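So the sequences go chain by chain: A and B.
Its first residue numbered 1, the first sequence is counted upward by one per residue in this note's numbering.
Its first residue numbered 1001, the second sequence is counted upward by one per residue in this note's numbering.
Since the structure comes first, as structure tokens, the remarks are kept for the end.
Number of protein chains: 2
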Amino acid sequence: MSEPDIFYVLGNKVRRDLLSHLTCSECYFSFLSSKVSVSSTAVAKHLKIMEREGILEPYEKDEHFIGPARKYYRINIANTYVTTITPNLFWYENIDLREGGKKGDYEINLSKLPEEHGDIISMVKAFLEANDELKKILEALRDVEAYRDGLTKLLKERYLSEIGDMTQLAILHYLLINGEATVDELSDRLNMKEREVLAKAQELNRFVPLKIKGEVIEIDRASL
Amino acid sequence: MSEPDIFYVLGNKVRRDLLSHLTCSECYFSFLSSKVSVSSTAVAKHLKIMEREGILEPYEKDEHFIGPARKYYRINIANTYVTTITPNLFWYENIDLREGGKKGDYEINLSKLPEEHGDIISMVKAFLEANDELKKILEALRDVEAYRDGLTKLLKERYLSEIGDMTQLAILHYLLINGEATVDELSDRLNMKEREVLAKAQELNRFVPLKIKGEVIEIDRASL
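Structure (structure tokens):
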């Protein structure tokens, strides 16, 4: 999928919500439909669009009970998109995370870039030097995102096999990616009542130490 | 403007083309309209959408000739957007370049991130460490983009005051941001015939050394 298509897909809140759910749970149609506040017809349409654009892939899963196999969906790409828009710059790049994963060290030296500029040639030179630093930054971004992707996959598998609670995992997943969460945000994301969210956070707290202060929940890093 | 709105704006090729033109020239309506291959009604609609979303700002310019002042447009934001989509991660962030500009040095150490994982707690720890590195990477990205933005602004002003050719500048601008260009790409971007593009590139070559090899044009870095 090219970059422009991804902008189209992301330009819709329901599609973004569906993508969020798809990253933390195994998702079949009626589960996804229960998590967003539009009709199931609309959900079907959005899933169709994302399938057509190659972002989603449907799959079937044997669930060991009678009836037709359920249709599940999974995200089929692993990309980071970077776009800059200023009065002077407009560019976008699609970074394929599957090409990364070497976990290198990078020295980004921006202090050496000249602050005062002489003629046009020296400005062009400075721009190309800045491009070199940008290139390293984008490589580092690719590597760290490939790492976080792989680690999240392992963590999800481990959490489900050891503790087995999908909602606890969804809260942990949100906290890892967003740093912290309000009960309200989680209630909205998980489509659960606030006191149910708090109860689930307390359960999660038995396995991963949390700081729960009033409305705000975060991972208690000092206690890890 | 929030991130989601920007995805909507970027999800359309004509709007992306208009944004490209706006970053390298002073743009009034009929100029923009001549550069894209849709009707002027459609161009007006797209400009309206971007104005409504706060991306574009119209302004008037005294042109020292008789008649009403022409309406110009300029880009009104300076942001870098980063989005990751994988089967396990989905997040997006809007980085405001106006908050950057300190031009620091950054050491990104990904090699220290553990490859083997023990229990859930050690995986959570590793994820938070990766988050710390990601944070530095995004700060470096903000700084380098703020630098490139400011430098491009100066370079555009200098080129127009010293050499004064808008088309040469547009080619230089494209080469700086994209590294290299084919004559075909430039012909498409500038809405000019290929031999006109080549003639303009030859003119630019008198001020900024270029390598023009067959179809491909790039800045001749060794000769700077």
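Glycine included, C-beta positions come from ideal geometry on N, C-alpha and C.
Please read all numbers here as calculations on a predicted model, not as lab measurements.
Sub-8 Å separation of residue i and residue j beta-carbons
| i | j | result |
| --- | --- | --- |
| residue 5(A) | residue 53(A) | yes |
| residue 156(A) | residue 1131(B) | no |
| residue 1138(B) | residue 1082(B) | yes |
| residue 229(A) | residue 32(A) | For chain A, the structure presents residues 1 to 224; residue 229(A) sits outside this window and is missing. |
| residue 1105(B) | residue 109(A) | yes |
| residue 1163(B) | residue 1207(B) | yes |
| residue 1220(B) | residue 1210(B) | yes |
| residue 1123(B) | residue 151(A) | yes |
| residue 1072(B) | residue 1061(B) | yes |
| residue 1103(B) | residue 37(A) | no |
Inter-residue CB distance, residue i and residue j (contact presumed, cutoff 8 Å)
| i | j | result |
| --- | --- | --- |
| residue 174(A) | residue 189(A) | 6 Å |
| residue 142(A) | residue 95(A) | 5 Å |
| residue 227(A) | residue 1085(B) | In the structure displayed, chain A extends from 1 to 224; residue 227(A) sits before or after that span and is not available. |
Exposed unless 16 or more other CB atoms sit within 10 angstroms - verdict on residue i
| i | result |
| --- | --- |
| residue 1169(B) | buried |
| residue 133(A) | buried |
| residue 1100(B) | buried |
| residue 41(A) | exposed |
| residue 222(A) | exposed |
| residue 136(A) | buried |
| residue 191(A) | exposed |
| residue 195(A) | exposed |
| residue 225(A) | In the structure displayed, chain A extends from 1 to 224; residue 225(A) sits before or after that span and is not available. |
Three-state secondary structure (DSSP) of residue i
| i | result |
| --- | --- |
| residue 53(A) | coil |
| residue 1086(B) | coil |
| residue 95(A) | strand |
| residue 1070(B) | strand |
| residue 1078(B) | coil |
| residue 1218(B) | strand |
| residue 1194(B) | helix |
| residue 1045(B) | helix |
| residue 1013(B) | helix |
| residue 1171(B) | helix |
| residue 1061(B) | strand |
| residue 1212(B) | strand |
| residue 157(A) | helix |
| residue 163(A) | coil |
| residue 105(A) | strand |
Nearest residue (CA-CA) to residue i, options the options
| i | options | result |
| --- | --- | --- |
| residue 24(A) | 216(A), 8(A), 154(A) | 154(A) |
| residue 120(A) | 1215(B), 1212(B), 1160(B) | 1160(B) |
| residue 39(A) | 14(A), 7(A), 94(A) | 14(A) |
| residue 20(A) | 185(A), 165(A), 140(A), 214(A) | 185(A) |
| residue 167(A) | 144(A), 95(A), 7(A), 26(A) | 26(A) |
| residue 107(A) | 1145(B), 1068(B), 1140(B), 1181(B) | 1140(B) |
| residue 46(A) | 102(A), 60(A), 29(A) | 29(A) |
Worksheet entry | Within 7 Å of chain D by C-beta, residues of the segment 98-112 of chain A in sequence order | No chain D is part of this structure, whose protein chains are labelled A and B.
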